[in-house]
Each structure stands twice: as C-alpha cells, then as structure tokens.
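Trainee: Structure incoming, see below.
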Amino acid sequence: MLDKGRAPDPPAADPVIRLGPEKPLFPVILSVPHAGRLYPARLLHDARIGEERLRALEDRHVDMLVTPLAESGFTVIVGNVARAWIDLNRSEREIDPEMIIPQPARAGLEASAKVRGGLGLVPRRLARHGNIYRQPIAAADLANRIATAYRPYHATLSDALDAARRLFGVAILLDCHSMPPLRPKSGQAPAEIVIGDRDGQSAAPAFAARISLHCRKQGFRTARNAPYAGGHILARHGRPERDIHALQLEICRSLYLDQALDKPAPGAARMITLVEAVAQGLSEEALSPPDALAAE
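Residue numbers (numbering that gives the first Met the number 0): 0 to 295.
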C-alpha cells in the first residue's frame, strides 16, 4: 500500500510505466506525462543546466496523486523520462529547427506558440536560465528520443483507451498535470484546479461539469479552459465522435507540495482522495443510462 504522505520511490528505468489491471476495470484511463524524474546521462552531459534546475520543467510529484488509483483498479500511465528529454504533450512536428543538426526542413514543422517560447517537443530554454543545451542535438538523437520514449507512451495510451472503449462502449482520458499558483484577477481568488477540454472539442461537456462539481464539493476553486485548455495529448486522443473523450486536470502545486513547491506535503493525501473521486465520478457519468443523462 502506498503511503499517501511520503515521496514516491525513485523512478524505474522504463520510459513508460503502466499500472493497474491488464484489462481496464473502468472506462477512465489516467495519464501523467510531465512528472518523469528519469534524467538520461546523455541529457545531463549535453545540458549546460544541471538537473536541479531542469526539474523546473516537471509537474513536480503530481504522479504521486495519481498512481495510488491503480490499487483501486484504475489504469494509470506515467511518462517516466524527464520532460527536459522529450515533451510527451507536444506534436512530433513541434520542433525548433535551430535545435537540430542537420536542420530539418521547416515546411514539415509546426511553429506553435510553445515552440516559439522554447517549450517544443524538446525544450530549448528555461526562464531565468537561458538555453538548456550547449549546442544543437543530432537529428539521430532526436529520432531515438521519439522512438524510445515518445511513441511508446502514446501507443500505450491509445491501446488502453481502445481497450476501455471496447469493454464499456466509451472511454475517458484524464490527463493529469500540476501548475504553479495562479495570480488573482480583479480582486478575485485564483482557481486552484483548471479543467481543460480544448473548449469542448475533446470531450462532451457533461464530463468537465462532473469534474467541476466534485472539486467544488471539496471546497476547491475551479476554472474551465483558462489558462490551460489542454495540449497535444487531448488533441491527439480525444475523439468524442468515437466515444473517446479526453480532459486535462491541472492541480495547483501549493495544494500538495511544501512552501518551496518541491517536496510532498500533508495536503497530498487530500488531493489523492479528490483525484480518485473525480475518476470515480467520470466513470459513473460515462456509464449512466441515456435516460439518466437526459434528466440531469
């Protein structure tokens, strides 16, 4: 049994960790793409910034809020490799060509706002610390990262969602992240939990409403799609027309980490309970008879 108040064990070597039963017991699949703490030796050798600073890219310890749900029968998929190595929530085309040698043709790339901000498929720079790498990385190195970490993660996620849909007729992806504390606006206290569904494109609206209901019942302030509407994972895997829905859950780090936003704090136990309640609620929503849904 996992201790809800302690830090998780050191990461295993596998780039993708799948927890839970072989066949899904619930239509909800949980994913954690940004909490990886496995820093390849190649990364630390090539980076001009040390591991301690690279951790700023992590959704620090948010996996410890999600992995305990495997003990309740939920399927949980965790990216184990550090986000500084490769960002699982970006498209394969979100590449800064100046980071790669030889430079790829720009015509096939996506110059998104994330790429322009230095946070593409391979993050380029950190605020206050500048460029991560001393020099461009080899195209073969990038191809290896995609083949060994990125594609296996998405394949594992896709397989789990397809299995859940076959078993239950519907599947729901709950993509779990953490965020720094938001600033107040117009004198109002900021949201502590942000629910994203790409402005209704990646999931039926009833699911986001159900998450918001559970969070508010527990006393948390919520927001929908602002400032985080969901990234590539939702765009790639959310297919409401095929009964595969995808939502993003952003949890404020101050709710479960210490004042330095670094180590797990006692509040983590409460957040584990919340995440499980959300997952259970989504399952109930997905499996409700059509008449029950129409009556709500």
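Don't be surprised by glycine CBs; every beta carbon is placed ideally from N, CA and C. Predicted model only: the values in this text are computed from it and were never measured.
Evaluate contact between the stretch 246-261 and the stretch 59-67, counting only Cβ atoms and requiring at least three cross-stretch pairs below 8 Å.
Mentor: The stretch 246-261 vs the stretch 59-67: in contact.
Trainee: Quick one: what's N130 bridged to in DSSP?
Mentor: Here residue 130 refers to the residue found at position 131 of the sequence shown. In DSSP, N130 forms a bridge with R124.
Trainee: Closer than 6 Å by C-beta to F219: which residues in its own chain qualify, once you throw out the five before and the five after it? Chain order, please.
Mentor: Reading the sequence shown from its first residue, position 220 is the one you call residue 219. For F219, where only same-chain residues beyond five positions count, the Cβ hits under 6 Å are E191 and I192.
Trainee: Roughly how many angstroms lie between the CA atoms of G19 and G72, to the nearest whole one?
Mentor: As a first step, residue 19 is located in the sequence shown; it is residue number 20 there, counting from the start. As a first step, residue 72 is located in the sequence shown; it is residue number 73 there, counting from the start. In a straight line, the C-alpha of G19 is about 6 Å away from that of G72.
Trainee: Measure the alpha-carbon distance for P226 versus N79 and round it to whole angstroms.
Mentor: Start at 1 with the first residue of the sequence shown, and residue 226 comes out as number 227. Start at 1 with the first residue of the sequence shown, and residue 79 comes out as number 80. Those two C-alpha atoms are separated by around 26 Å.
Trainee: Smallest Cα separation from Y132: which of G117, N143 and A142?
Mentor: For the purposes of this step, residue 132 is identified with residue 133 of the sequence shown, where counting begins at 1. Ranking G117, N143 and A142 by Cα distance to Y132 puts G117 first.
Trainee: Answer with buried or exposed for K113, where buried requires no fewer than 16 other C-beta atoms within 10 angstroms of its C-beta.
Mentor: Taking the sequence shown and counting its residues from 1, one reaches residue 113 at position 114. Buried: at least 16 other Cβ atoms inside 10 Å.
Trainee: Please confirm whether L43 and R82 have their CB atoms less than 8 Å apart.
Mentor: Residue numbering aside, residue 43 sits at position 44 when the sequence shown is read from its first letter. Residue numbering aside, residue 82 sits at position 83 when the sequence shown is read from its first letter. No; because the gap between Cβ atoms is not below 8 Å, this pair is not in contact.
Trainee: What ranges does the alpha helix (DSSP H) occupy inside the stretch 61-137, keeping only unbroken runs of at least 4 residues that lie completely in it?
Mentor: Runs found: 112-115.
Trainee: Can you list, in chain order, the residues of its chain with a C-beta nearer than 7 Å to that of R209? Leave out the 5 residues immediately preceding and following it.
Mentor: Here the question's residue 209 lines up with position 210 in the sequence shown. Closer than 7 Å at Cβ, skipping near neighbours: G280, L281 and E284.
Trainee: Going by CA-CA distance only, name the one from F206, A162, H128 and S201 that's closest to R47.
Mentor: Numbered from its first residue, the sequence shown carries residue 47 at position 48. When each option's Cα is compared against that of R47, the closest is H128.
Trainee: Relative to the C-alpha of P39, which candidate in I76, I28, P32 and P14 has its C-alpha closest?
Mentor: To locate residue 39, count along the sequence shown from 1; it is residue 40. Checked all of I76, I28, P32 and P14; the closest Cα to P39 is P14.
Trainee: Please identify the residue among S111, I243 and E249 whose C-alpha is closest to the C-alpha of R223.
Mentor: As a first step, residue 223 is located in the sequence shown; it is residue number 224 there, counting from the start. Among S111, I243 and E249, the Cα nearest to that of R223 is on E249.
Trainee: How far does the beta strand (DSSP E) with S211 in it reach, from first residue to last?
Mentor: The residue given as residue 211 occupies position 212 in the sequence shown. Per DSSP, S211 belongs to no beta strand (DSSP E); it is in the alpha helix (DSSP H), P204 to K216.
Trainee: Look at the Cβ atom of A170, then the Cβ atom of I28, and state whether they are nearer than 8 Å.
Mentor: In the sequence shown, residue 170 corresponds to position 171, counting from 1. In the sequence shown, residue 28 corresponds to position 29, counting from 1. Result yes, Cβ atoms of A170 and I28 sit closer than 8 Å.
Trainee: Residue range of the alpha helix (DSSP H) that V277 falls in?
Mentor: Against the sequence shown, residue 277 aligns to sequence position 278. Note, V277: alpha helix (DSSP H), G266 to L286.
Trainee: Tell whether a beta-carbon distance below 8 Å holds between I136 and M98.
Mentor: To locate residue 136, count along the sequence shown from 1; it is residue 137. To locate residue 98, count along the sequence shown from 1; it is residue 99. A contact, by the Cβ cut-off of 8 Å.
Trainee: Tell me which same chain residues have a C-beta within less than 6 Å of the C-beta of A12, skipping the five on either side of it?
Mentor: In the sequence shown, the residue the question calls residue 12 occupies position 13. Excluding residues within five positions, none has a Cβ falling inside 6 Å.
Trainee: In three-state terms, what does DSSP make of H176?
Mentor: By one-based count along the sequence shown, residue 176 stands at place 177. Looking at H176 - three-state DSSP - the assignment turns out to be strand.
Trainee: Which class does L354 belong to by DSSP, given the choice of helix, strand or coil?
Mentor: Nothing in the structure corresponds to residue 354, since the chain is present only between 0 and 295.
Trainee: May I ask you to list the residues that DSSP assigns as paired with Q200?
Mentor: The sequence position of residue 200 within the sequence shown is 201, counting from 1. Per DSSP, none; premise fails for Q200.
Trainee: With three or more beta-carbon pairs closer than 8 Å as the criterion, would you say the stretch 64-71 touches the stretch 101-115?
Mentor: At 8 Å Cβ cutoff, the stretches do not touch.
Trainee: Excluding five sequence neighbours on each side, which residues of the same chain lie with their C-beta closer than 7 Å to the C-beta of D8?
Mentor: Translated into positions along the sequence shown, residue 8 becomes position 9. Below a pLDDT of 50, predicted positions are generally treated as unreliable, and D8, at 44, falls in that range; no measurement from the model is reported.
Trainee: Out of I76, C251 and N143, which has the shortest C-alpha to C-alpha gap to M178?
Mentor: As a working note, residue 178 is residue 179 in the sequence shown. It is C251 whose Cα lies nearest to the Cα of M178.
Trainee: Counting only the same chain and skipping the five closest in sequence on each side, list residues whose C-beta sits under 7 Å from that of A291.
Mentor: Residue 291 sits at position 292 when you count from the first residue of the sequence shown. The predicted model places A291 with a pLDDT of 47, which falls under 50 and marks its position as unreliable; any figure quoted below should be read in that light. Cβ within range, chain order: n/a, list empty.
Trainee: Can the beta-carbon of S211 be found closer than 8 Å to that of G229?
Mentor: Start at 1 with the first residue of the sequence shown, and residue 211 comes out as number 212. Start at 1 with the first residue of the sequence shown, and residue 229 comes out as number 230. No.
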